[in-house]
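The sequence shown begins at 2 in our numbering and counts up by one. Cβ atoms here follow ideal geometry from the backbone N, Cα and C, with glycine treated the same way. These notes concern the structure reproduced below.
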Amino acid sequence: MKQVLDRGGSESATVVDADDTEVAKPRTCRVCHRVNPADAAFCHYDGRPLLKDADKKAVHAGSAPFPTPFYFSDGRPCRNFNELVLAANKNWEEARAILAEGMWPMFFGAIGRFDLASVAKQAFKQPDPDRALSDFLQRLPADPDFLRPPKLELDPGRIHLKQLTPGCQRSFDLTIVNDGMLLLEGVAYTDCDWLAFSSAQTHGSAGVRMQTQKVFQTRSSCTLKVQVLGHKLRAGRIPARGKIIVESNGGTRTFEVFADIPVRPFPKGGRNNVLAGAMSPRDIALKAKESPNEAAELFEQGAVQKWYADNGWSYPVSHPCGQGKGAIQQFFEALGLTQPPMLKIRPKYLGFRGIVGERCLFILKLFTKENKPVYARATTNVDWLQPGIPEYLGNKVHIPFELTIPDFPKQTVTARIMVEGNGKQQFVVPISVTVLPRSLLSKLLGRWTQRSDGPRLV
């Protein structure tokens, strides 16, 4: 019998024998190039579809009968892929055990689907049994109506939290729903600093720990505990808005969170209520300008800084508060409501001589020619030179210092005084100290020598 092969290149080519009888040609996979039976719709080795021609009638592989049914423990037969995925989803624990025991490769190998037998072997190697079974079932050629992919839904879709207070904790639940089949997995994260996810600590530790993102997986639904971080809340006249973004293999959804955080007015109380009722930093500035002497007391006492903290705001003044009207000037400059004055310092250099343990008191003067209050703070880089409490005198500040001759006989040591005033203007005053031996005390008559830009003391 002579055979002739039609080499027209068509997928529907046939083999013709000597009697002109057409015989179906075995199908070759375009990917792995292996030969499959003539009636195969999918490659028996890699699972790729074999039919390419759009005129061909669609083959529903999910309903194609198995040569031999598969049975679960309830005795119900699975005669095709559609019935198999439905039964596996219903009997998830048993299907997971079947995969772990290696029964799926045996079954699919017996019915000629070596590609699916290989997939089952690969899935078995995954450490997470739920993910392994889900990945395996997704590779089965079931019809879409029977093997629905995971689909993400959120319950509720948004939430509005009312009457929150800075500093107070609050929590709520976000439910993630799988509206499809198999395993839904992904990650949730927030786009703001006042929302976080809480989870129990490991055994032996107390409390909970906050996380900026949370990994999840579920076949039906799961609940995430969302914590509102009170120390991150900021009061305002419009509701705060945050988002929780949930990304998964079943889609991406956004959960909106609105929060009412009303502003606390400046409180009344005591004998001084000039700032009472203020609802914003601008209100504070206007009231302080009208009654500067009374308002200065509240700034010095820290009442304004506390009011900022009660509303969850950052106090604009980073340095220690000045005194008197200098405290108000400091606040106005921090808000950008006024320009700082040009400052000068005297003296610009200091030199001393003495024996170990002797002490000397001196004053640095920070001042301006403008009619604006001056405030300042001073630090040193050594422990034998200490600043005292500044004396605020309107447009100038006197800063006292106490210097103790260090224990470095017959040496000249140096130090620095760092002064910062209005508008973060900085000054550095060098100090040099010559440490004399005690035998020279009688020659010096116990007197100091102080060299500076000012008068010389002898």
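(Q) Three or more C-beta pairs under 8 Å: does that hold for the stretch 364–371 against the stretch 394–404? (A) yes
Q.
Please give me, in chain order, every unbroken run of the alpha helix (DSSP H) with length at least 4 that falls completely inside the stretch 87–120.
A. 93–101, 104–111
Q: Check whether the Cβ atoms of asparagine 423 and proline 342 lie closer than 8 Å to each other.
A: yes
Q.
What ranges does the beta strand (DSSP E) occupy inside the stretch 337–382, keeping only unbroken runs of at least 3 residues that lie completely in it?
A. 345–347, 351–355, 360–368, 377–381
Q) Starting from lysine 290 and walking both ways along the alpha helix (DSSP H), at which residues does that stretch end? A) 282–291
Q: Let me know the secondary structure DSSP gives isoleucine 262 once reduced to three states.
A: coil
Q.
Does serine 64 come out as helix, strand or coil in the three-state DSSP assignment?
A. helix
**Q.** Beta-carbon spacing of methionine 280, valine 258 below 8 Å
**A.** no
(Q) Is glutamate 248 a contact residue of the ligand MG, with contact defined as CB to any heavy atom under 7 Å? (A) Because no ligand of any kind appears in the structure shown, any question about the ligand MG cannot be addressed here.
Q | C-alpha distance - threonine 405 paired with glycine 395, whole-angstrom precision | A | 30 Å
Q | Residue from Phe173, Pro157, Leu338 whose Cα sits closest to the Cα of arginine 254 | A | Pro157
Q.
For a quick check, are the C-beta atoms of leucine 175 and serine 249 less than 8 Å apart?
A. no
(Q) Can you tell me whether glycine 187 is helix, strand or coil according to DSSP? (A) strand
Q.
Given this structure, state the Cα-to-Cα distance separating phenylalanine 256 from valine 227, to the nearest angstrom.
A. 11 Å
Q | Same chain, Cβ closer than 6 Å to alanine 124, five either side skipped, listed in chain order | A | Ala133, Asp136, Phe137
Q) Are the Cβ atoms of arginine 149 and glycine 187 separated by less than 8 Å? A) no
(Q) Applying the 10 Å Cβ sphere with the 16-neighbour rule, what's the burial state of leucine 185? (A) buried
Q: Report yes if the CB atom of arginine 80 is closer than 8 Å to the CB atom of proline 70, and no otherwise.
A: yes
**Q.** Which listed residue (Lys163, Arg235, Arg354) has its alpha carbon closest to that of aspartate 194
**A.** Arg235
Q. What's the gap between the Cα of glycine 243 and the Cα of glutamine 218?
A. 23 Å
(Q) Strictly by DSSP, which residues pair up with arginine 28? (A) Asn37
Q. Do glutamine 302 and tyrosine 376 have their C-beta atoms within less than 8 Å of each other?
A. no
Q.
Per the DSSP calculation, leucine 298 is bridged to which residue(s)?
A. Looking at the sequence shown, residue 298 is not leucine but glutamate. BP columns for glutamate 298 are empty, so no partner.
Q. For aspartate 454, which residues of its own chain have a beta-carbon under 6 Å away from its beta-carbon, when the five flanking residues on both sides are left out?
A. Model confidence at aspartate 454 stands at a pLDDT of 39, short of 50, so the residue's coordinates are unreliable and nothing is read from them.
Q: Below 8 Å CB to CB, which residues in the same chain sit around glutamine 164 once its five sequence neighbours on both sides are set aside?
A: Asp261, Pro263
Q. By the 10 Å Cβ neighbour count, where 16 or more other Cβ atoms means buried, how is glutamine 340 classified, buried or exposed?
A. exposed
Q. Would a C-beta distance cut-off of 8 Å place tryptophan 385 and proline 407 closer than the cut-off?
A. yes
Q. What distance in whole Å lies between the Cβ atoms of leucine 117 and leucine 141, which are believed to be in contact at a cut-off of 8 Å?
A. 7 Å
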